[in-house]
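Peer 1:
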Amino acid sequence: MSILPELGFDHWSFLQRRCCFHDLSPVSYSMNETCNSDDFRALDEIAKGLESGITGWRKDYDCCSWVGVICELFSSIGLDGSSVWVTRVVGLDLGSRQLKGNLPVSVVRFKHLRYLNFSDNFLKGMFPVELFFMHNLEVLDLSNNGFSGPIMVKSWLISSIRFLDVSNNLLEGALDTGFCTNSTHIEVLNLSLNLFSGNFPLGFGNCTSLQHLSINSNYLSGTLPSDLWRLKKLNQLYIQDNSLSGSLNGVGNLSNLVQFDLSQNEFSQTLPDIFTSLAKLEYFSAHSNNLSGPLPASLLTSPLLYYLNLRNNSLSGSINLDWTNMVNLRSLHLGYNKFHGPIPDSLSYCRELRNLGLRQNYLNSQLPDTFRNLHSLFFLALTNTNLYNISSTLEILQQCRNLTILILASNFRGEDMLANANLQFQSLKVLVVPDCGLTGLIPKWLRSCAKLQVLDISRNHFSGFIPNWLSRLKFLFYIDMSNNSLSGEIPKSLTRLQSLIYRDVLLDDTINFPFVIGRTQGLAELQYTQFWSFPPTLDLSYNMLIGQVWPEFVNLKKLHLLLLKSNHLQGSIPPELCGMTSLEVLDLSHNNLSGSIPFSLTSLSFLSQFNVAYNNLVGKIPSGGQFLTFPCSSFEGNLDLQAPGCNPLPTSPKATSTSGDDPKESKMTISGIPFAVGIATGFSVTVLIFFMSGMLIPEVLNSQNLNCNSEDLRALKDFAKGLESRINSWGCGSGVGDRSLSGNLSDAFAGFNQLRYLNLSHNSFTGSLNLNWTNMVHLRFLDLGSNQFRGPIPDTLSSCRELRFLNLARNYLNSSVPGSFKNLHALSFLSFSNSTLRDLSATLEALQHCKNLTTLILSVNFHGEETPDANFEFKSLQALIIPNCRLTDWFSQLESLFYLDLSRNFLSGEIPIGLTQMPSLIDRNISFENPLAAPLFMKRRGMQYNRILSFPPTLRLSYNLLSGEVLPEFGNLKKLHVLELQSNHLEGPIPRELSAYNNLVGKVPSEGQFSTFPCSNFEGNRDLQDLGCNVHPTSKTEPWESPPSGNEEEESSATIFGPTSGVGVIAGFTVTGMFMPPVRQGRRRNGSSCRAIHNQ
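1 is the number of the first residue of the sequence shown in full-length UniProt numbering; add one for each residue after it.
#1: Please report how far the alpha carbon of Q98 lies from the alpha carbon of G68, in whole angstroms.
#2: In whole angstroms, give me the CA-to-CA distance for S82 and R41.
#3: Can you give me the start and stop residues for the beta strand (DSSP E) that E987 sits inside?
#4: Which of the three DSSP states is assigned to D369 in this structure?
#5: What would DSSP say about W323, mapped onto helix, strand or coil?
#6: Which residue comes first and which comes last in the beta strand (DSSP E) that contains R41?
#7: Output the boundary residues of the beta strand (DSSP E) element that contains E172.
#8: How about V105 and M134: do their beta carbons lie closer than 8 Å?
#9: In terms of residue numbering, what span does the alpha helix (DSSP H) encompassing T393 cover?
#10: Do S192 and S221 have their C-beta atoms within less than 8 Å of each other?
#11: Can at least three beta-carbon pairs, one atom from the region 891-911 and one from the region 952-968, be found at a separation below 8 Å?
#12: Among the residues of its own chain, which have a CB less than 8 Å from the CB of V327, if the five just before and after it don't count?
#13: First and last residue of the beta strand (DSSP E) that includes residue 1156?
#14: Hey, would you say I573 sits closer than 8 Å to L593, going by beta carbons?
#15: Pick helix, strand or coil for L262, following the three-state DSSP scheme.
#16: Could you pull out every residue in the same chain whose Cβ sits closer than 6 Å to the Cβ of N567, ignoring the five residues on either side in sequence?
#17: Where does residue 1151 fall in DSSP's three states?
#18: Under the DSSP definition of a beta bridge, which residues are partnered with W85?
#19: Would you say T854 and S876 are within 8 Å of each other, going by their C-beta atoms?
#20: What number of angstroms, rounded off, separates the C-alpha of L706 from the C-alpha of N753?
#21: Could you please give me the residues that DSSP links to H333 through a beta bridge?
#22: Could you check if D241 is buried or exposed, using at least 16 other CB atoms within 10 Å of its CB as the buried criterion?
#23: Going along the chain, which residues of its own chain have a beta-carbon closer than 7 Å to the beta-carbon of R401, five neighbours each way excluded?
#24: Considering only their Cβ atoms, is the gap separating L431 from L452 smaller than 8 Å?
#25: Between the beta-carbon of C180 and the beta-carbon of G198, is there less than 8 Å?
#26: Could you tell me the distance, in whole angstroms, from the CA atom of A144 to the CA atom of A421?
#27: Return the CA-CA distance between P467 and L441, expressed in angstroms with no decimal places.
#28: If I follow the unbroken beta strand (DSSP E) through E584, where does it start and stop?
#29: Measure the alpha-carbon distance for L380 versus P631 and round it to whole angstroms.
#30: Using 8 Å as the threshold, is the C-beta distance between L305 and F339 below it?
#31: Classify G819 as helix, strand or coil using the three-state DSSP reduction.
#32: Helix, strand or coil for Q424, going by three-state DSSP, please let me know.
#33: Which residues does DSSP pair with F163 in a beta bridge?
#34: Mind checking whether G95 and S65 have CB atoms under 8 Å apart?
#35: Could you check which residue in N290, S292, L278, H287 has the C-alpha nearest to that of L300?
#36: Just curious, the alpha helix (DSSP H) that S798 is in, first and last residue?
Have a look at this one:
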């Protein structure tokens, strides 16, 4: 359902419209003529020069009948002076042919070649500069391969080129200024998704025929050159996902511009008032910059504009403008800005509007009554906009008959949700109204929402019983009623929810619309392109429910998460729960359960998180199956539980319910961030620091009876005076992170000679970090991530010898790691992700001497560098996330390493055998001898791992260019939970769990977990048969496509970034393609089998 612009190209359509093949089919030649001998020899050399050969090329057939060969008749003068006809090769259409190796230079021998397409193959090597000497070439497409090295534009001699696409390769270096010096007729130029760096190139002004320019997703910086604005014919311009800045005033000269995307750059000025000149503009995206000021008036006079995305900037002023001319507007996204005032009534004139996102602004109004006229409205996200009058809002929106996704989180503070209102939401499938403090009963009008699939009313003050009629909503599979005041027993009718018994009822009724689910307070959020890929969930935590855990929950075969934490449940844990074969998370902690833990639960092969802490359980903790992986904290607070290796279990008082929770620990939101660029399914994990744990913050910081030291008070005042923005409060022990602070840091911190904890993350600090750190000898925790610091990493940080946690991620440091960092022997956690670091070899050389370093995160740095072959001695390292690696076997020498993420790099070649010999993935017990000192928490719906050793053992090699076969030696990794290999070029026999985008044939298994997997897991295999799915679509996800946008700061990664970022899809069954280790293969198929285990 996406309305994003189509970036792909139909070569034949382009040729017929623009070039030379006006009336040709892919093969057009006289059947009486044969292949020219010179062309035949060149074709033969091409086939022999590739590692894979070319299927369908047979020497006993005329080469003009070969697959992908395009011939044409030419008139020539014979020896006798008469006119004769000869057949010559004019085109090679060899895209998506599984070709491997280097592109043979013999391709230049075709004197009449006008069309050359080798896209979507596995070609590699330096970019073939010989192609620049093919004087007749008009179309060249080498996209989606592994070509590397620079493009020497100055050497171009192709005067005839009209279409050039080299996107999605490994091309690097600066772009020369020689574009269009000879090739003035080029109309389409696509350089996107490469590694080009340096300033945005000059010379595009010579491309007077250029209509489409894509240079997005590189590492370009600087300003846009003025000659770019001379391209009068340009109608599509894509420069997003770079580091560009400067003025946009010249855009108004591009009068034919139809689509313009400059998102995810560093533009910081106001939006120029130039849109009157852009009368043809239909698509405009500038999200995730630092644009400021009001919306230009001319923007609202663009009658053809159908897509406008300005979210995640610093735009201000009112949006209560005249939108009446925007009659074609279908998607409007203004979230994460500083707009104020009322929601404009005139938006109701945009009758085509389908997607509207205004979240995280200061709008402070109620919904205009005229919104009832938006009959096309499909998606509405108004999270945290100071909206009031929920009764009026719902009464208006029920008239929007196509409204499918409604997200109203963090509004309507303390209002009453009318339980008996007669509302009819005929199309509603997602309703998200958490964190509003709503009172009253669960509204009865929800009964009429017959299509409802996702319901989140968590963190409110709803009271009364959970109604039985919820079970009649046959599509409902995601229920979050946590953190309310619900009472009574859990209705047994919830064990009869049809979609949690027969999940496949949803597969024919999906919504292809991306939005996110994740924790608030600046934490990363997990994006889903289709909400039915949410984990089926029942979350009733933090209520006042009584009674027992029903044995009938066994009926819910498709349920993934059952969360009943912090209620007043009694009785025993039913052994029948072992029949919940899809269960990934079971949290029964903080209740009054008694008896023993059923041994039958060891048969739950996919159970990744289990918590029964603080109950009245007795007996021995089961030791089989997944129970070997659960941390001791899952069982603490039970006086008589016996846990080998965990004695004595802590028995501190039970945690209180909602009122005492740190919002960073328990607050969950589902929010709308439309048009994310990827998918993520399985387990989401977020790493964060438990700020109030007492392990890093001295207990005295929490004392309310101490007076501030005079020297410290002066230092605090000096720090505050140096800021451009005011600090509204100083929360005890919470740092000043995520406070929208700006300005430069001063040496005022040098006055805090006893400072142990400093958190300034997620602000807008600028300037240098080169401060006087030498006086802060007691500093243990330093988080400066997600700011705008520039310059080198200060060498003086090495004076902080007690430093255990350091996060400098997402800044513009542009330096190497100082060699003096080798002296930080206490350092346990280090994240430099997205910091434009360089010199990977020196970095690893220095950090290997940090003898307590357990977690090292270097993602998105060292552009174009490779991991050296040297053997580094990271003796304590357990989790490593590292970019741009050339795989070597030194990883296998890291004895404690059990979490290795090398995904989304440019790795090529075969998987080295050393990765199948990692000691901690063969014998996991080795990692338990070296626990992490810092209290890391990985979150999934409120569940936590309090030590890194309880992370699921993981090896991620996905989204690379790896080739060859899947090594059978991976079977040696008995302790491995997650192996991700998707989106590579692997071939040969593979496990059945790895099914998407390969060449599998036959019938899709229908039993066990296969009944829960969406059709998208099997598409792209032409001959797979499945009665419930059409698995034939074969369009592939691009290997370098970024993960989607949630909080826009987290838009381009799904990996660990540090204390406030997502770890990604690492736990549970990762349906995008992974192995299930042998320990998980003993899964029983029915409840009777697992009950038999319990009786043994």
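Yeah, the Cβ is synthetic: ideal placement off N, Cα and C, and Gly gets one too.
Peer 2: On the basis of the data shown:
#1: 13 Å
#2: 27 Å
#3: 985-987
#4: helix
#5: coil
#6: That residue, R41, is in no beta strand (DSSP E); its alpha helix (DSSP H) goes 37-49.
#7: 170-174
#8: no
#9: 390-397
#10: no
#11: yes
#12: P303, Y349, C350, R351, E352
#13: With the chain covering only 1 through 1096, there is no way to say anything about residue 1156.
#14: yes
#15: coil
#16: N543, L545, N591
#17: As displayed, the chain neither begins before 1 nor continues past 1096, which places residue 1151 out of reach and without an answer.
#18: S75
#19: yes
#20: Unreliable positioning characterises L706 in this predicted model, as indicated by a pLDDT of 48, which lies under 50. A coordinate reading is not provided.
#21: N309, G357
#22: buried
#23: H375, Q426, S427
#24: yes
#25: no
#26: The displayed chain sequence assigns Asn, not Ala, to residue 144. Those two C-alpha atoms are separated by around 55 Å.
#27: 9 Å
#28: Segment: none, E584 is in no beta strand (DSSP E) and carries neither H nor E.
#29: 41 Å
#30: no
#31: helix
#32: coil
#33: V139, V188
#34: no
#35: L278
#36: Here S798 belongs to no alpha helix (DSSP H), and DSSP marks it neither H nor E.
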